[in-house]
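> Note that this note's numbering numbers the sequence shown so that position 129 is 286, with each residue one more than the last.
The beta carbon of each residue, even a glycine, is placed where N, CA and C say it ideally should be.
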Amino acid sequence: MIDIIKECEGAKRIGISGHIRPDGDAISSSLALRKYLLNAFPDATVDVILSNPIPTIFDDEAGYDEIKRDYSEDVSYDVYFALDCNRERLGDAGKYFDAAGKRINIDHHESNKEGVGDVNEVNPDISSTCELLYTLFDKKYMDADVARCLYTGMVTDTGVFQYSCTSPDTMRRAADLMEYGFDFPRLIQRSFYEKTYLQSQILGRCLMESVRFMDGKCVVSWIDRKTEDFYQVSSKDFEGIVSQLRNIRGVDVSIFMYEESNQTYKVSMRSSEKVNVAKIAEKFGGGGHARAAGCTMSGTVYDCVNNLSKHIEKQLEAASDDEGTNA
Ligand code: AMP
Ligand code: MN
Numbered sequence: 158m159i160d161i162i163k164e165c166e167g168a169k170r171i172g173i174s175g176h177i178r179p180d181g182d183a184i185s186s187s188l189a190l191r192k193y194l195l196n197a198f199p200d201a202t203v204d205v206i207l208s209n210p211i212p213t214i215f216d217d218e219a220g221y222d223e224i225k226r227d228y229s230e231d232v233s234y235d236v237y238f239a240l241d242c243n244r245e246r247l248g249d250a251g252k253y254f255d256a257a258g259k260r261i262n263i264d265h266h267e268s269n270k271e272g273v274g275d276v277n278e279v280n281p282d283i284s285s286t287c288e289l290l291y292t293l294f295d296k297k298y299m300d301a302d303v304a305r306c307l308y309t310g311m312v313t314d315t316g317v318f319q320y321s322c323t324s325p326d327t328m329r330r331a332a333d334l335m336e337y338g339f340d341f342p343r344l345i346q347r348s349f350y351e352k353t354y355l356q357s358q359i360l361g362r363c364l365m366e367s368v369r370f371m372d373g374k375c376v377v378s379w380i381d382r383k384t385e386d387f388y389q390v391s392s393k394d395f396e397g398i399v400s401q402l403r404n405i406r407g408v409d410v411s412i413f414m415y416e417e418s419n420q421t422y423k424v425s426m427r428s429s430e431k432v433n434v435a436k437i438a439e440k441f442g443g444g445g446h447a448r449a450a451g452c453t454m455s456g457t458v459y460d461c462v463n464n465l466s467k468h469i470e471k472q473l474e475a476a477s478d479d480e481g482t483n484a
C-alpha cells in the first residue's frame, strides 16, 4: 500500500485529475484527496483539474467551486495524481501528469491493472476509488469534508451499496465515514436519485424507444445528435439510463449509446453476473468493470450494436454451457 503523505512530503504544488466526463467517484475522490492533502500540508498548493461537463449535483462537496476546468496554463507540478482512470482518460490533464516530478495513479479499474504512474495503487477488488483512498488515508488528516466526499464516491460506484462490487468491508468503511457526521440522506438523494425534469423526460424517452434483442436478454437505447440538440442535453443528463434499462426483467446486458460526434457513439454497458462487459469494452478500446463498462465506437447504431452483440452472445452461450454442466 502506498503512503500518500510520504509520497507528497516536500511537494509545493500538487495536481489532481480524474477521468474525462467525470462521474461521482472521479469528482469526489479528487476533492477528498485535495482536502486531505491540504489538512496534511497547509502550505502546499493543491489543484483539482477536471474537464467539463462537471455535474452540479456534487456542488455541496468541499472544494467544488475551486475545481479548475482550464488546461491552458503552463504549470509544473511536483506531484500529480491520476485518479479513477488510466493515462488516456485523463484527457487534456495528461500533459500535467506527464510533466510532473512524480506521477501517482490510484484506480480500481480492472482494465488499468498495472497503473500508469511512477507510483501505483490499483485495486480492482475495491468498489470505488473513494473507498480505495480511504484505505490509504491516515485518520489524522481526515475530517467531515473528506468523509462526505469519500462516501459520495462510494454511493455512486456501488449504486447506493447495491452492486456486486459492494463488499462487507465497503459497508464497514461507509459506517466509519458516517461517524464523521454529514447529511447522508441529502447526499444520496442529490447525488444519486434526483433528476431534473428534462433528465427524467430523456430517461422516459429512452425507455420508450428501447429495443430488446437476443430473446430479451439484451436491451439497447440511444440518442442521436439531433435529439441531443433538440432537448439541449449532454452526457451529464444521461446518468442512470443504462442502469434503468438493466433493471428490466430478463435482461442480462443493457446498452446505452449517445452520439458524441457524427457517427461516433459513447457506449455504456451494464450486465448481470453472466457477462463481463469490461472484456467486451476492451475489445473496442474502452474498459471499466465486469458489471459496468464503456467504450467509444464509430459507425451507425446498427453497426455498433452488431459488433457488440457478437461478443455478448459468445459470453451468454458460455454461461449457459456452464449452467448445463453444473446442472
Ligand atoms: P459509464 O458507462 O460511462 O458509466 O462507465 C462505466 C464504467 O466503465 C466506469 O467505471 C467508467 O470509468 C468505465 N469506462 C467507461 N468508458 C470507458 C473507457 N472508454 N475506457 C475505460 N473505462 C471506461
Ligand atoms: Mn470509479
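Does the distance from the CB of residue 378 to the CB of residue 367 come in under 9 angstroms?
Yes; because the gap between Cβ atoms is below 9 angstroms, this pair is in contact.
> With DSSP as the reference, please indicate the residues paired to residue 167 in a beta bridge.
According to DSSP, residue 167 bridges with nothing at all.
> What does the Cβ neighbour count give for residue 243, buried or exposed, with the cut at 16 atoms within 10 Å?
Buried, because 16 or more other Cβ atoms sit within 10 Å of the Cβ of residue 243.
> Alpha carbons only, please: which of 358, 253, 425, 360 is nearest the one belonging to residue 234?
Of 358, 253, 425, 360, the residue nearest in Cα terms is 253.
> Pull up the CB-CB distance for residue 266 and residue 445, whole angstroms please, since I reckon it's below 8 angstroms.
Contact holds; Cβ gap of about 6 angstroms.
> Give the straight-line distance between the Cα atoms of residue 225 and residue 160, rounded to the nearest whole angstrom.
So the two alpha carbons sit approximately 26 angstroms from each other.
> Measuring straight from C-alpha to C-alpha, what distance separates residue 334 and residue 289?
Taking the straight line joining both Cα atoms gives about 13 angstroms.
> Quick check on this structure: which residue in 336, 327, 277 has the alpha carbon closest to the alpha carbon of residue 303?
Ranking 336, 327, 277 by Cα distance to residue 303 puts 336 first.
> My guess is that residue 259 and residue 232 are in contact by the Cβ rule of under 8 angstroms, so how many angstroms apart are they, rounded?
About 15 angstroms separates the two Cβ atoms, so there is no contact after all.
> Mind listing, in chain order, the continuous beta strand (DSSP E) runs of no fewer than 3 residues lying wholly within the segment 250-281?
Entirely contained in the segment 250-281, the beta strand (DSSP E) runs reaching 3 residues are, in chain order, 259-264, 276-279.
> Rounded to the nearest angstrom, what separates residue 204 and residue 318 at their Cα positions?
Taking the straight line joining both Cα atoms gives about 30 angstroms.
> Following a CB-centred definition, is residue 314 positioned closer than 8 angstroms to any heavy atom of ligand 1?
Flag set: Cβ of residue 314 near ligand 1.
> To which residues of the same chain is residue 331 closer than 8 angstroms at the C-beta, ignoring the five residues directly before and after it?
Answer for residue 331: 308, 311, 318, listed in chain order.
> Please identify the residue among 274, 268, 269 whose C-alpha is closest to the C-alpha of residue 251.
Nearest option by C-alpha distance: 274.
> Jot down the residue ranges of each uninterrupted beta strand (DSSP E) in the segment 272-329, minimum 3 residues, whole runs only, in chain order.
The qualifying runs are 276-279.
> If I measure Cβ to Cβ from residue 429 and keep anything under 7 angstroms in the same chain, skipping five residues before and after, which residues do I get?
Counting only Cβ-Cβ distances below 7 angstroms, and skipping sequence neighbours, we find 409.
> Hey, residue 181 and residue 425: beta-carbon distance below 9 angstroms or not?
Result no, Cβ atoms of residue 181 and residue 425 do not sit closer than 9 angstroms.
> Would you mind reading off the limits of the beta strand (DSSP E) that contains residue 423?
Segment 421-428, the beta strand (DSSP E) holding residue 423.
> Of all the options 458, 305, 452, 362, which has the alpha carbon lying nearest to the alpha carbon of residue 193?
Residue 305 is the option with its Cα nearest to residue 193.
> Taking the DSSP output, what are the residues bridged to residue 416?
Answer is 422, bridged to residue 416.
> Report yes or no: do the segment 210-226 and the segment 275-283 share at least 3 C-beta pairs separated by less than 8 angstroms?
Because the criterion of three Cβ pairs below 8 angstroms is not met, the segment 210-226 and the segment 275-283 do not touch.
> Going by DSSP, what residues sit across from residue 240 in a beta bridge?
DSSP output for residue 240 lists 263 as bridge partner(s).
> By DSSP's criteria, residue 206 is part of a beta bridge. Which residues make up the other side?
Paired residue(s): 225.
> In whole angstroms, give me the CA-to-CA distance for residue 263 and residue 470.
Residue 263 and residue 470: Cα-Cα distance of roughly 33 angstroms.
> Ordered along the chain, which non-local residues of its own chain (more than five positions away) have a Cβ less than 6 angstroms from that of residue 240?
Closer than 6 angstroms at the Cβ level, and outside the excluded window around residue 240, lie 175, 186, 187, 263, 286.
> In the DSSP assignment, find the unbroken beta strand (DSSP E) run with residue 378 in it and report its ends.
Residue 378 -> beta strand (DSSP E) spans 375-380.
> Got a sec: does ligand 2 put a non-hydrogen atom nearer than 8 angstroms to the Cβ of residue 183?
Yes, since a heavy atom of ligand 2 falls inside the 8 angstroms radius drawn around the Cβ of residue 183.
> Buried or exposed: which applies to residue 213, given that a residue is buried once 16 or more other Cβ atoms fall within 10 Å of its Cβ?
Burial call: exposed.
> Does the distance from the CB of residue 268 to the CB of residue 450 come in under 9 angstroms?
Yes, the pair counts as a contact, with Cβ atoms nearer than the cut-off.
> Mapping the DSSP letters down to three states, classify residue 99 as helix, strand or coil.
Residue 99 cannot be examined here, being either before or after the span of the chain that is shown, 158 to 484.
> Output the distance between the C-alpha atoms of residue 327 and residue 388, rounded to the nearest integer angstrom.
If I take the Cα positions, the gap works out to 38 angstroms.
> Can you tell me whether DSSP reads residue 384 as helix, strand or coil?
Helix, per DSSP.
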